[in-house]
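Visitor: This is the structure I want to talk about, given as structure tokens.
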Amino acid sequence: MAIYEFEGKRPIIGVSSFIHPQAVVIGEVEIGDNCYIGAGAVVRGDYGKIVVGSGSNIQENCTLHSEPDTIAILEENVLVGHAAIVHGPCLIKHNATIGMGSIVSSNTEVGEESLLAAGSILPPGKSVPPRKIAMGNPARVVKDMDDYNLVYNQVAVKLYQDLAQRCTNGLKLIEE
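Mapped onto our numbering, the consecutive letters of the sequence shown carry residue numbers 48 to 223.
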């Protein structure tokens, strides 16, 4: 794994979390328990702090960063889809989903159990209320989260929690 101290600040990583060997975690970063950080993900706590709550997953090729002296907070059981960008300061509440390729800009909030749809851009200073689906550029609320979407997102989070443990136990580099 590429885990780096930066100017005396060291990442704190929960013991049951999986950080892929090709992910990069730098500086003032806190990753809770039972998290999954995928290959190519970059979690940069060099200017600002990054907090990833327990049970959350940062999928492949995501970038998390925050402006100087600010915090990007992802609460518990947050799913950040492949190639998304999360730029703090921001707050992503528990059980929220950030879709693949989406951009979360600074000074934003994504409410609990909400979905920022794939490819959407949440502009600076905007928010997604709890239990809403937002999409587009700029992202706008299009409807309420229904029971199907809530269960689907919970299942997806659980799959990545399980994958963290499976990778810890079963991922092996093949050197030929």
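The beta carbon of each residue, even a glycine, is placed where N, CA and C say it ideally should be.
#1: State the DSSP-derived secondary structure class of Cys137, mapped to helix, strand or coil.
#2: Measuring straight from C-alpha to C-alpha, what distance separates Pro171 and Ser152?
#3: Expressed to the nearest angstrom, what Euclidean distance is found between the alpha-carbon atoms of Ile150 and Ile132?
#4: I believe Ser167 touches Lys179 by the beta-carbon criterion, under 8 angstroms. Please report the beta-carbon distance rounded to the nearest angstrom.
#5: If we count the other Cβ atoms within 10 Å of its Cβ and call it buried at 16 or more, is Asn216 buried or exposed?
#6: Might you give, ordered along the chain, the residues of its own chain that have their beta carbon closer than 6 angstroms to the beta carbon of Thr144, omitting 5 neighbours on each side?
#7: Could you check where the beta strand (DSSP E) with Leu210 kicks off and where it finishes?
#8: Could you check where the beta strand (DSSP E) with Thr155 kicks off and where it finishes?
#9: On the three-state DSSP scale, how would you describe Lys57?
#10: Pull up the DSSP beta-bridge partners for Glu77, would you.
Guide: Here's the rundown:
#1: In the sequence shown, residue 137 corresponds to position 90, counting from 1. Under the three-state reduction of DSSP output, Cys137 falls in the strand class.
#2: For the purposes of this step, residue 171 is taken as the residue at position 124 of the sequence shown. For the purposes of this step, residue 152 is taken as the residue at position 105 of the sequence shown. Computed Cα separation, rounded: 5 angstroms.
#3: Translated into the one-based positions of the sequence shown, residue 150 becomes position 103. Translated into the one-based positions of the sequence shown, residue 132 becomes position 85. Spanning the two alpha carbons is a distance of roughly 5 angstroms.
#4: Here residue 167 is taken as the residue at index 120 of the sequence shown, counted from 1. Here residue 179 is taken as the residue at index 132 of the sequence shown, counted from 1. Approximately 12 angstroms separates the beta-carbon atoms of Ser167 and Lys179; this is outside 8 angstroms, ruling out the contact.
#5: Position 169 of the sequence shown holds residue 216. In the assembly as shown, Asn216 is an exposed residue. Its beta-carbon has fewer than 16 other beta-carbons within 10 Å.
#6: Here residue 144 is taken as the residue at index 97 of the sequence shown, counted from 1. Apart from the 5 residues on each side of it in sequence, Thr144 sits with its Cβ closer than 6 angstroms to the Cβ of Leu126, Leu162 and Asn200 in its chain, given in chain order.
#7: One-based indexing of the sequence shown puts residue 210 at position 163. According to the DSSP assignment, Leu210 belongs to no beta strand (DSSP E) but to the alpha helix (DSSP H) extending over Asp194 to Gly217.
#8: Within the sequence shown, the letter at position 108 stands for residue 155. Segment Thr155 to Val157, the beta strand (DSSP E) holding Thr155.
#9: As a working note, residue 57 is residue 10 in the sequence shown. Residue identity differs from the one stated: residue 57 is Arg in this sequence, not Lys. Here Arg57 sits in coil by DSSP.
#10: On the sequence shown, position 30 is the one that residue 77 refers to. Glu77 pairs with Ile59 and Val98.
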